[in-house]
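Report on the following structure.
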Amino acid sequence: MALPDYLRKKKGFLELKKNKKWISWNPYHSKLSAYVLAGGPEWPFEEKSNILYLGAAEGNTVSFLSHICHGGRIIGVDISSVAMAELLVLAEKRRNIIPFLGDAQIPKKYSPHTGIPDILYQDVAQRDQVEIFIRNYDFFGPKCGLLMLKSRSSPGKDNEVFRDSKRKMESRFKKVDAVDITKWAKGHMAYYVE
Ligand SMILES: C[S@@+](CC[C@H](N)C(=O)[O-])C[C@H]1O[C@@H](n2cnc3c(N)ncnc32)[C@H](O)[C@@H]1O
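Have a look at this one:
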């Protein structure tokens, strides 16, 4: 994909233009940055995108999306109250982040706060992460989704896990693009779907 004008690659890293300055977006800390550096084929994020983000953690990737989608909003769901405490601090500074302490397995709990998101983004590193992603996708009906999938980290089993996940994704979605991001996020694959 052609990079939007607010992103650039420099010396193997990604940079985001923020208030006329280029700031580093570390691919080792954000799988979305890794997805771009790995040549991810689609970039669905627009100024007014509404995003449902499952596995928001402390808000590292959320903070970049909050800047990129400054006219939209990001519902950041996480199950950890420790991570949520930090996300709340970030949300106090950014008016377009809505934090939600909850379980991504139960979409109806946070659906009153989401509306219909344009994009479903998930990075929860759970055993049943593909099922959670499909459940949320079917519940909300977004235009597209990005799943950051973690293998079970069994040595030599990564390929098997990725093959099985891709098969499940392809039986549900018309378009599935798999992007290998293991160079930056060990044992991870990114999936873009529509
Ligand atoms: C790898 S971290 C996410 C990092 C984050 N996406 C980023 O790039 O800044 C995974 C997160 O998923 C959360 N998580 C795990 N299971 C979850 C579930 N069932 N529902 C919601 N969040 C979950 C964890 O608490 C953790 O904060």
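Numbering (the working numbering), first residue to last: 395 to 588.
The beta-carbon is built from N, C-alpha and C at its ideal position, and this holds for glycine as well.
A residue is called buried when at least 16 other Cβ atoms come within 10 angstroms of its Cβ; residue 441 does not meet this threshold and is exposed. Straight across, the Cα-Cα distance linking residue 557 with residue 575 is about 15 Å.
In this structure, the beta-carbon distance from residue 542 to residue 422 does not fall below 9 Å.
The three-state reading of DSSP puts residue 439 in coil, since its state is none of H, G, I, E or B. Look at residue 429: its beta carbon is at least 8 Å from all of the heavy atoms in ligand 1. The way I'd put it, the segment 522-539 doesn't touch the segment 452-466; fewer than three beta-carbon pairs between them come closer than 8 Å.
Bounds of the alpha helix (DSSP H) holding residue 458 are 454-462.
Assigned with DSSP and collapsed to three states, residue 567 falls in coil, not helix or strand. Short note on residue 454: C-beta closer than 8 Å to some heavy atom of ligand 1.
Between the C-alpha atoms of residue 448 and residue 405 there is a straight-line separation of about 31 Å.
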